[in-house]
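Engineer: Before we start, here is the structure in question, set down as structure tokens.
In this note's numbering, the protein residues as written are 147 to 408.
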């Protein structure tokens, strides 16, 4: 069964929603994060079903080069590796992908506790920096309010005061979520949105939540109840989820560009 087929099956059977979403998977040898929804979901399912304690992964040849031994009998996890070529303008573009196999660092003789300390630290200073840069660059107005929302007509984000949140993470999740909505604006990504249409509202909520999870993953911050939040909106609508995944990656990449991180 192909990787995408496995992911789709896990959505239909609720496996993904039972485990939750986590996009923090990282190649231990290169320090690069794995991109793409399918890759991250395959790894997340493997981590939960096998009890792996780390989001760090490594290829067979990479492990050999670093002198790391993979435990005998370990079963690898398939991932898609992009094939990059240079176009006539000298730009690197993705022309396809190839399947490869990686192993969780928990399947090796490496001391995973020495690397796990870097994950889930809850340091929101970088998130705050991204927020500040994006708001300044795009000229978005932010109002302290009694509710969290984004007004596309006036390009205004309303956010409850930080002191009213019981957790710092909840404040930043809400703030970034509303800023992800702001990428819908015509002068930005131009996502079609009709507040009067329920389907449009559902799709936009899922896009913003997924995009927030993508961004937080880059700074090793998990989001509580992300999968259940999304499940509540889409049910078992696989096509809707995959459409939202694509749009969410565009949204987070737009904000990353304003911060010079893409």
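Where is the CB? At the ideal position from N, CA and C, for every residue including glycine.
1. Three-state secondary structure (DSSP) at residue 246?
2. In whole angstroms, what separates the C-alpha of residue 343 from that of residue 202?
3. So, under 8 Å CB-CB, residue 352 and residue 380 are touching, yes? Tell me the CB distance rounded to an integer number of Å.
4. State yes or no: is the C-beta of residue 136 within less than 8 Å of the C-beta of residue 173?
5. Measuring CB to CB, does residue 216 end up less than 8 Å from residue 249?
6. Please report the residue range of the beta strand (DSSP E) in which residue 202 lies.
7. Roughly how many angstroms lie between the CA atoms of residue 315 and residue 234, to the nearest whole one?
8. Work out the CA separation of residue 185 and residue 213 for me, nearest whole Å.
9. Hey, quick one: how far does the alpha helix (DSSP H) through residue 305 stretch, first residue to last?
10. Taking residue 226 as part of the beta strand (DSSP E), name the residues at either end of that continuous run.
11. Do you know how far the Cα of residue 229 is from the Cα of residue 271?
Structural biologist: According to the structure shown:
1. Walking along the chain shown from the start, residue 246 turns up at place 100. DSSP places residue 246 in strand when its eight states are reduced to three.
2. Within the chain shown, the letter at position 197 stands for residue 343. Within the chain shown, the letter at position 56 stands for residue 202. Cα to Cα, residue 343 sits roughly 41 Å from residue 202.
3. On the chain shown, residue 352 is found 206 positions in, with the first residue counted as 1. On the chain shown, residue 380 is found 234 positions in, with the first residue counted as 1. Contact holds; Cβ gap of about 6 Å.
4. There is simply no residue 136 to check, as the chain begins at 147 and stops at 408 in what is shown.
5. Here residue 216 refers to the residue found at position 70 when the chain shown is read from its first residue. Here residue 249 refers to the residue found at position 103 when the chain shown is read from its first residue. Yes, the Cβ-Cβ distance between residue 216 and residue 249 is below 8 Å.
6. Position 56 of the chain shown, counting from 1, holds the residue named residue 202. Residue 202 -> beta strand (DSSP E) spans 202 to 205.
7. On the chain shown, position 169 is the one that residue 315 refers to. On the chain shown, position 88 is the one that residue 234 refers to. Distance between the alpha carbons of residue 315 and residue 234 is about 45 Å.
8. On the chain shown, position 67 is the one that residue 213 refers to. On the chain shown, position 39 is the one that residue 185 refers to. Computed Cα separation, rounded: 25 Å.
9. Working through the chain shown from its first residue, we reach residue 305 at position 159. Not the alpha helix (DSSP H): residue 305 falls in the beta strand (DSSP E), residues 302 to 306.
10. Residue 226 sits at position 80 when you count from the first residue of the chain shown. 223 to 232 is the extent of the beta strand (DSSP E) around residue 226.
11. Taking the chain shown and counting its residues from 1, the one referred to as residue 271 is at position 125. Taking the chain shown and counting its residues from 1, the one referred to as residue 229 is at position 83. Those two C-alpha atoms are separated by around 34 Å.
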